[in-house]
Amino acid sequence: MKPTILMAPKMPAALVARLRHDYELLGPMERSPDAALPPGTGEARVLLTVGGWRTDAALMDALPKLGLVACYGTGVEGVDQAHARARGILLSNAADANADAVAEFAIGLTIASVRQIGKGDRYIRAGRWGGNAIERLPFVPGLAGRRLGIYGLGAIGARIATMATAFGMEIGYHNRSKRPELPYLYQDSLLNLAAWADVLMVAVRASVETRHAVNAQVLQALGPGGHLINISRGIAVDEDALCDALAAGTIAGAGLDVFENEPNVPDRLKALDNAILTPHIAATTESAQAAQQALLLRNLEAFFAGKPLPSGVPL
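Numbering (the working numbering), first residue to last: 37 to 351.
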């Protein structure tokens, strides 16, 4: 008999086909907390989910045979890790499988915001370009020689730093601890990092500690020439404070791939001309998705074989 897996959100079709071949796959689930679980979930030994979905004690306790919560992406913020630890439930994620894809997208958002690519696109579509230099967009700073401050120098943040160095940017960072093996300037607080940086890159994991870490004070420190880029989780940025800062010119611009209450994006944010907005697509390259799926399948194989997880998350 095939082992049973419960799939919380809908997953990519190629992955679902692989899973159905080797496992009894149930789901997807409805996102409402009051929704009934699919029939047969009492046999589920694995819950396949993503970090943004709520995996609380009630859900885990509704799955008496649950032994592994496997998060498809890197985030695990929706999982009640204390309860999982108490129940002896393992946790895995995608580790750095999508790090290159997210890092290159982060650089893309940085270029789009700093070089005002969106404004240039709208300028042409509005029929304003006369093909000469009499009427044009104002000059803006480039990236060379500018300071990139990375909040969260994990696998993704480190790759962003490497890519940004190729553009001639100076790199600084704030992390839970110094990384002396890397040749970047460490700042002992997020506020100091923002005051130092021209571009503030948010690449930190979502947690209670990082909720609204980028607040009005941090944005004020970033300053009127500064840009905020977020490719981590929307919860790390106070969206009301960000809207105020963008509208008032407290900062110059922002590039955002993530939002606090996805898929809902504040109307104030959508109306701002100095914000580049994308629908959480940084990791959606073919190579990144193939790597994530392969790692997930290896985690499942290891779990059912009683072996260590290739990308287990310590609890």
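Each residue gets a CB set at the ideal place from its N, CA and C atoms; glycine is no exception.
Of the candidates Arg182, Arg212, Gly188, Arg182 places its Cα closest to the Cα of Ala200. Sorting Val273, Ile41, Glu322 by C-alpha distance to the C-alpha of Ala50 places Glu322 at the top.
The beta carbons of Leu145 and Asp293 sit closer together than 8 Å. Under the three-state reduction of DSSP output, Ser128 falls in the strand class. If you check the CB distance, Ile125 and Leu95 do not come in under 8 Å. Secondary structure note for His57: it is in no beta strand (DSSP E), and the uninterrupted alpha helix (DSSP H) holding it is 49-58. By alpha-carbon distance to Ser68, the top candidate from Trp89, Val349, Leu179 is Trp89. Asn266 is classed as buried because its beta carbon has at least 16 other beta carbons within 10 Å across all chains shown.
The DSSP assignment places complete alpha helix (DSSP H) segments of no fewer than 4 residues inside the region 37-122 at 49-58, 93-97, in order along the chain. Rounded to the nearest whole angstrom, the CA to CA distance from Ile287 to Gly166 is 30 Å. Residue pairing for Ile312: DSSP places it in a beta bridge opposite Gly291. Residue nearest to Pro177 within the set Tyr209, Ile147, Tyr108 is Ile147 (criterion: CA-CA distance). Our two residues, Ile186 and Gly291, have alpha carbons roughly 14 Å apart in a direct line. Of all C-beta pairs linking the region 108-118 to the region 239-257, three or more are shorter than 8 Å, placing the two stretches in contact.
Ranked by Cα distance from Pro350, the first of Gly289, Tyr222, Val105 is Val105. In its chain, beyond the 5 residues on either side, Ile186, Leu189, Tyr220 have a beta carbon closer than 6 Å to the beta carbon of Tyr209. Using a C-beta cut-off of 8 Å, the region 71-81 makes no contact with the region 203-217, since fewer than three inter-stretch Cβ pairs fall below that distance. Linking Arg212 to Ala338 through their CA atoms gives a straight-line distance of about 31 Å. Taken in chain order, the whole alpha helix (DSSP H) runs of length 4 or more contained in the region 224-293 are 226-232, 252-258, 275-284. The Cβ atoms of Leu282 and Leu308 sit closer than 8 Å to each other.
The alpha-carbon separation between Asn168 and Thr320 amounts to approximately 38 Å. Nearest in C-alpha terms to Ile312, of all of Thr246, Gly289, Glu298, Phe295, is Gly289. Here Val254 is not near Leu218, since their CB atoms are 8 Å or more apart. Shown here for Leu333: same chain residues with a beta carbon closer than 7 Å to its own, the five before and five after excluded, namely Arg54 in chain order. His263 counts as buried, since no fewer than 16 other beta carbons sit within 10 angstroms of its beta carbon. When Val235, Ala139, Lys214, Thr91 are compared, the shortest CA-CA separation from Gly193 is found for Ala139.
For Pro48, the closest alpha carbon among the candidates Glu60, Ala80, Val86 is that of Val86. Note on Asn134: 16 or more other CB atoms within 10 angstroms of its CB, so buried under the neighbour-count rule.
Contact annotation, Tyr108 with Leu83: C-beta distance approximately 11 Å; criterion of less than 8 Å not satisfied.
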